[in-house]
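**Q** Before anything else, here's the structure in question.
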Amino acid sequence: MNTDLETIENYVTGQLTPDERVRFEAALRTDPAVAEALAFYMLTKQVAGEQAREQRKAELDALRKPASMWSVPMRWAAAASITVLLGLGWYFLRPTNSPEMATRLADDYVAEHFMELPTTMDGGSSGSTTVDSLKTAVGLVNSGKLAEADALFLDILKRQPTNDRALKYAGIVSLRQGNYDQAITLFHRLSERTDLYSNPGLFYESLALLKRGLPMDKEQAKKLLDEVITRNLDGKAEAEKLIKSF
136 MNTDLETIEN YVTGQLTPDE RVRFEAALRT DPAVAEALAF YMLTKQVAGE
186 QAREQRKAEL DALRKPASMW SVPMRWAAAA SITVLLGLGW YFLRPTNSPE
236 MATRLADDYV AEHFMELPTT MDGGSSGSTT VDSLKTAVGL VNSGKLAEAD
286 ALFLDILKRQ PTNDRALKYA GIVSLRQGNY DQAITLFHRL SERTDLYSNP
336 GLFYESLALL KRGLPMDKEQ AKKLLDEVIT RNLDGKAEAE KLIKSF
């Protein structure tokens, strides 16, 4: 596998799509070059972090000196050092718990739970048009034909706009394709079904918000996760793990 620095950076910061993450981790297990590249990246990051900490200590020591003792070169060096600290230096010193970590955990959940859909269809008549269509669409998902499955799920929703299984599976397919706006809409519609024994709509919507990553999305995702926990909704255990990563 030809792995560049950007791919490794995106993997570490949780920016790969679920499919990309699965492929990268498969390569880690089978391709020594990929494993070595990741190890080198992490070592470089650690060294840079140590250098940033030493640099910060030197800056603080310099700041304790009276300004009158600073030479012109020292003043320019201090200004440059602070710029680096606020840029790359802060990147390496930031805490482990971060929105990026939450996104990575969301990726892990998607990779574990959304890559293959269950083929068993409980409820309804096995010969009904809707159930047969759902089975066909699920088969397409499990064969990797996401675009075809997406079209079929949406066709079902045109006829049955509140079909909970179609809403859930169409949202999952949209999420896997990176169509986060559509995924958020579908999962929100699912969450509005108040007659279901089990409804993961709010939890799935929070995952889609974390993946979309617009300025207010992570804050909104946190609110939804809090609601999932408070109301003891489907996905509570996973929501508690995600909340701890913020």
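Numbering-wise, my numbering puts 228 at position 93 of the sequence shown, and it's gapless, one number per residue.
Backbone N, C-alpha and C define an ideal beta-carbon position, used for all residues, glycine too.
In this text the structure is predicted, and so the values were computed from the model without any measurement.
(1) Do Ile-291 and Ser-268 count as a contact pair if the criterion is CB distance below 9 Å?
(2) Hey, out of Ile-143, Asp-369, Asp-154, whose CA is closest to Tyr-332's CA?
(3) With DSSP collapsed to three states, give me the class of Tyr-315.
(4) Enumerate in chain order the residues of its own chain whose CB-to-CB distance from Ile-364 is below 8 Å, with the five nearest sequence positions on each side excluded.
(5) Under DSSP, the alpha helix (DSSP H) around Gly-82 begins and ends at which residues?
(6) With 16 as the cutoff for other CB atoms within 10 Å, does Ala-282 come out buried or exposed?
(7) In terms of residues, what are the limits of the alpha helix (DSSP H) holding Pro-335?
(8) Should Arg-366 be labelled buried (16 or more other beta-carbon atoms within 10 Å of its own) or exposed?
(9) On the three-pair Cβ rule with 8 Å, is the region 302–322 touching the region 138–151?
(10) Would you report the Cα separation of Lys-358 and Lys-303, rounded to the nearest angstrom?
**A** This is what the structure gives:
(1) In contact: Ser-268 and Ile-291 (Cβ atoms closer than 9 Å).
(2) Minimum Cα distance to Tyr-332 is reached at Asp-369.
(3) Here Tyr-315 sits in helix by DSSP.
(4) Hits under 8 Å: Lys-371, Ala-374, Glu-375, Ile-378.
(5) The structure shown does not extend to residue 82, since the chain is modelled only from 136 to 381, so the question has no answer here.
(6) Exposed: under 16 other Cβ atoms inside 10 Å.
(7) Run containing Pro-335: none; DSSP gives neither H nor E here.
(8) Exposed: under 16 other Cβ atoms inside 10 Å.
(9) No, because fewer than three Cβ pairs between the region 302–322 and the region 138–151 fall closer than 8 Å, the two stretches do not touch.
(10) CA-to-CA, the gap between Lys-358 and Lys-303 works out to about 20 Å.
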